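Student: Questions regarding the structure given below will be posed in turn.
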Amino acid sequence: MATTYDLVILGGGPGGFDAAVEAAGAGLKTALVEAAELGGTCLNRGCIPTKLWLGATEPVEALAAQTKARVASGSVGIDFAALQTRKDKYLAATRKAMQQRLTGLGVDLVAGLGRVVGAGSLEVATADGPRTLGYRNLIVATGSRPGSFPGLAPDGAKVLDSTGLLALTEMPKSLLVVGGGFIGLEMAQAAQRMGAKITLVDALNRLAGAEDPEVSKTLESVFKRQGWDLRLGVKVASVTTRGAEAVLTLDSPGGGEELRADCALIAVGRRPNSAGLGLEALGATLSGAGYIQTDAQLQSAPGVYAVGDVNGRMLLAHAASHQAHYVVTRLLGHDSGPYDSGPVPSILYGAPEVFRAGIMAQAQDDNAKAPSSPVLVSRAQLIANPIAQAHAATAGFVKCVWREGKVAGITAVGAGVSRLACFATLIIKLGWTREDAEAFMFPHPTLDESLKAALLADKEAA
Ligand code: FAD
21 MATTYDLVIL GGGPGGFDAA VEAAGAGLKT ALVEAAELGG TCLNRGCIPT KLWLGATEPV
81 EALAAQTKAR VASGSVGIDF AALQTRKDKY LAATRKAMQQ RLTGLGVDLV AGLGRVVGAG
141 SLEVATADGP RTLGYRNLIV ATGSRPGSFP GLAPDGAKVL DSTGLLALTE MPKSLLVVGG
201 GFIGLEMAQA AQRMGAKITL VDALNRLAGA EDPEVSKTLE SVFKRQGWDL RLGVKVASVT
261 TRGAEAVLTL DSPGGGEELR ADCALIAVGR RPNSAGLGLE ALGATLSGAG YIQTDAQLQS
321 APGVYAVGDV NGRMLLAHAA SHQAHYVVTR LLGHDSGPYD SGPVPSILYG APEVFRAGIM
381 AQAQDDNAKA PSSPVLVSRA QLIANPIAQA HAATAGFVKC VWREGKVAGI TAVGAGVSRL
441 ACFATLIIKL GWTREDAEAF MFPHPTLDES LKAALLADKE AA
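Under the working numbering, read the sequence shown as residues 21 to 482, first letter to last.
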């Protein structure tokens, strides 16, 4: 007879893992079903490997900045094979630690692809054949995978998605990047630091299209100075492997120009892992793009919750974890009302970095809903900041968005601005006024002082 659990979780990424740890820790009989590897996209193919690449190659950027200031010279060599070995070891050790944590808490780990076969019943295709699990509550945290468009499908040869690029054994000397969002930009920066010549193509006429347009301008000027060939506002007809090269054909009347490189990265967004889960039979609905629709309690059908990338609310690891915590708290009987994400911090890593939380002067995405009342902005340039000067990396700014006299959003671009993330998000959460900023003691010298300068600067119309 199938065991019935208080909670079954589908997917062991940040959303599923955190839900399992919290639920089992609180005494719920919990099973976690994972089709591939614990840690999900974030650990194995996303946040962590990209940051290992960027962290290892960061000295290249630091040296370049000081060389430009004529106070240093030389070069930094990156051993790509060693970096990949280090990455793989780190990921394996983390997966092992996660497994130990779960089993230590009494979570039943079930390896295999799971799908709902009826209300309260799930079937998992395990290596030993199908296994049925009963559940009182189900959390679907099946995440997302790389997206593509017709003509842009990764072929595993010279045309790769982010997962394929992270698995390379040799860094290409030239890289075509299709897509100027977070994933394309982070991976292009790491590749460039390891010697790849970057050509980036995007149908939008600016980089990081979800961000403030002034952020896009700063990114474009920095990357152009670094020698990137930026083709913005152009459409791609196809990307294919031809011999030892990736060939990208631009979509233009009368036959498009061809761009060639050793390899191409397709980074055109993500798609939810929602097909074939059997949720529709329980009453759940999927959006046109396949995201599982959730109500104000993150519920998709009675007793079925969806958290993380698969619900499409915010494709970020910490958003998945935050939602998981909310659902488990409800299951434990603490009803705290509808789900409220608060201001969601998002960060683009590299040099420069981009940080954003709360609203933007012009709404660009779901998190930054159109301002309901007029907003004002105040800003400070990093060039006046001693820490930015010390690092010889002064391009960028901090911008505050004010609504009804309170800080409602903060955006920053520049070297190291991710350091501002927690403090800036808290300022928004607390709804700081100018007086709050004046009364607070900011340490000197720090990058935080650029936040202070932006908070105290004259406000102007957005
Ligand atoms: P996932 O991490 O995708 O995990 C879902 C898991 O479910 C997977 O392990 C999958 O195998 C499993 N699964 C799927 N279907 C089934 C099934 N039917 N049965 C059993 N198991 C199943 N976010 C950040 O916050 N910061 C970053 O810096 C960042 N960088 C990124 C860089 C890259 C290159 C990429 C691709 C993503 C990045 N992200 C980043 C996004 C982040 O990885 C995701 O938002 C996060 O992993 C979502 O977590 P999740 O738990 O919803 O799903």
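Glycine residues also receive a C-beta, built at the ideal position from the N, C-alpha and C atoms.
Computed from a prediction, not measured in an experiment: that's the story for all the values here.
For A39 versus V364, is the C-beta spacing smaller than 9 Å?
Tutor: As a working mapping, residue 39 is identified with position 19 in the sequence shown. As a working mapping, residue 364 is identified with position 344 in the sequence shown. No, these two residues do not count as a Cβ contact at 9 Å.
Student: By DSSP's criteria, D232 is part of a beta bridge. Which residues make up the other side?
Tutor: On the sequence shown, residue 232 is found 212 positions in, with the first residue counted as 1. D232 pairs with nothing; no bridge assigned.
Student: Compare the Cα-Cα distances from T269 to each of T183, G328, T189, P170 and report the closest residue.
Tutor: As a position in the sequence shown, residue 269 is number 249, starting the count at 1. Out of T183, G328, T189, P170, P170 has the C-alpha closest to the C-alpha of T269.
Student: Hey, would you say the C-beta of F202 is under 8 Å away from at least one heavy atom of the ligand FAD?
Tutor: Indexing the sequence shown from 1 puts residue 202 at position 182. Yes - the ligand FAD has a heavy atom lying nearer than 8 Å to the Cβ of F202.
Student: If we call anything under 9 Å between Cβ atoms a contact, is V96 one with P79?
Tutor: Walking along the sequence shown from the start, residue 96 turns up at place 76. Walking along the sequence shown from the start, residue 79 turns up at place 59. Yes, Cβ-Cβ distance for V96 and P79 is below 9 Å.
Student: Per DSSP, what are the beta-bridge partners of A326 in this structure?
Tutor: Stepping through the sequence shown from its first residue, residue 326 is reached at position 306. Its beta-bridge partners are V160.
Student: In or out: M461 buried (at least 16 other Cβ within 10 Å) or exposed?
Tutor: The residue you call residue 461 lines up with position 441 of the sequence shown. Exposed.
Student: Along the chain, where does the alpha helix (DSSP H) that runs through E41 open and close?
Tutor: On the sequence shown, position 21 is the one that residue 41 refers to. First, the residue type needs correcting, since residue 41 is Val and not Glu in the sequence shown. 34-45 is the span of the alpha helix (DSSP H), which, as asked, contains V41.
Student: Give me the Cβ distance between L224 and G253, rounded to the nearest whole Å; I'm assuming they're in contact under 8 Å.
Tutor: As a first step, residue 224 must be located in the sequence shown, where it is residue number 204. As a first step, residue 253 must be located in the sequence shown, where it is residue number 233. The pair is a contact, with the Cβ atoms about 7 Å apart (cut-off 8 Å).
Student: Give the single residue among A428, A459, G416 whose Cα lies nearest to the Cα of V397.
Tutor: The residue you call residue 397 lines up with position 377 of the sequence shown. For the residues A428, A459, G416, the minimum Cα distance to V397 belongs to A428.
Student: Hey, would you say D271 sits closer than 9 Å to V256, going by beta carbons?
Tutor: What you label residue 271 is simply residue 251 of the sequence shown in a count that begins at 1. What you label residue 256 is simply residue 236 of the sequence shown in a count that begins at 1. Contact: yes.
Student: Using the three-state DSSP reduction, which class does F443 fall into: helix, strand or coil?
Tutor: Residue mapping note: residue 443 aligns to position 423 of the sequence shown, counting from 1. Three-state DSSP puts F443 in a helix.
Student: For A316 and P358, I'd like the C-alpha separation in whole angstroms.
Tutor: Along the sequence shown, read from residue 1 onward, the residue named residue 316 stands at position 296. Along the sequence shown, read from residue 1 onward, the residue named residue 358 stands at position 338. If I take the Cα positions, the gap works out to 5 Å.
Student: DSSP state of I286, grouped into three classes?
Tutor: Locating residue 286 in the sequence shown gives position 266, where the first residue counts as 1. Here I286 sits in strand by DSSP.
Student: Quick test of the definition: if touching needs 3 or more C-beta pairs under 8 Å, does the stretch 287-306 touch the stretch 314-329?
Tutor: Short answer: they touch.
Student: If you draw a straight line from the C-alpha of Q86 to the C-alpha of Q409, how long is it?
Tutor: For the purposes of this step, residue 86 is identified with residue 66 of the sequence shown, where counting begins at 1. For the purposes of this step, residue 409 is identified with residue 389 of the sequence shown, where counting begins at 1. The alpha-carbon atoms of Q86 and Q409 are separated by roughly 10 Å.
Student: Quick one: does the C-beta of R65 sit closer than 8 Å to a heavy atom of the ligand FAD?
Tutor: Within the sequence shown, residue 65 is the residue found at index 45, counting from 1. R65 Cβ: within cutoff of the ligand FAD.
Student: Could you compute how far the alpha carbon of A210 sits from the alpha carbon of P372?
Tutor: Against the sequence shown, residue 210 aligns to sequence position 190. Against the sequence shown, residue 372 aligns to sequence position 352. Each residue's alpha carbon lies about 12 Å from the other.
Student: Between the C-alpha atoms of N387 and G94, what's the straight-line distance to the nearest angstrom?
Tutor: In the sequence shown, residue 387 corresponds to position 367, counting from 1. In the sequence shown, residue 94 corresponds to position 74, counting from 1. Confidence in N387 is poor, its pLDDT being 48 and thus under 50, which makes the residue's placement too unreliable to answer from.
Student: Does any heavy atom of the ligand FAD sit closer than 8 Å to the C-beta of G138?
Tutor: Position 118 of the sequence shown, counting from 1, holds the residue named residue 138. Checking every heavy atom of the ligand FAD against the Cβ of G138, none is found closer than 8 Å.
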